[in-house]
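Each step along the sequence shown adds one to the number in my numbering, with nothing skipped, and position 32 is 30. Below: one structure, written as structure tokens.
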Amino acid sequence: MNRQNGPYNCNHGQNGYNNNNQKKESYNLSPQQIAVIAALATNALTVRAVLVDNEQNVEIVLQGNLRQQTQLEKIIDKVSEMPFGDVIDAFMNRKK
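Structure below.
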């Protein structure tokens, strides 16, 4: 692929024109598109499925949660990764 003449050409001169006097390509993203990109970049949304039908239509299913995790939920997430015996020992040996 010849990237020099493609849409990824980075050799733009002054005033937004490249060396061939062609106006550089600009992207007009909607607020919804920007929000989805930001949510994917920050892991607020994850790709759950990519579906392709027999007519080559593509559907991407995203999943996320807008609710912030509580402190207790964060602790439970950490504790759930520990061996059960270690959790019980930690509770039994806990000083008051």
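Yeah, the Cβ is synthetic: ideal placement off N, Cα and C, and Gly gets one too. All values derive from a computational prediction rather than experimental measurement.
What are the boundary residues of the alpha helix (DSSP H) that residue i is part of?
i	result
Glu57	Taken as a continuous stretch (DSSP letters only), Glu57 belongs to no alpha helix (DSSP H), being part of the beta strand (DSSP E) at 56 to 62.
Ala88	82 to 90
Asp75	69 to 78
Residue i lies in the beta strand (DSSP E); which residues open and close that run?
i	result
Leu108	No information on residue 108 is available, as it lies outside the stretch -1 to 94 that the chain covers here.
Arg46	43 to 50
Is residue j closer than 7 Å to residue i when the C-beta atoms are compared?
i	j	result
Val34	Ala47	no
Report back the beta-carbon spacing between residue i and residue j to the nearest angstrom; my notes put them in contact at under 8 Å.
i	j	result
Gln61	Thr44	6 Å
Which word fits residue i, buried or exposed, when buried means at least 16 other C-beta atoms lie within 10 angstroms of its C-beta?
i	result
Val56	exposed
Gly83	exposed
Comparing the CB of residue i with every heavy atom of the ligand ADP, is any distance shorter than 6 Å?
i	result
Asn52	Here there are no bound small molecules, and the ligand ADP is not part of this structure.
Quick one: any contact between the region 42 to 54 and the region 65 to 79, if contact means 3 or more CB pairs under 8 Å?
no
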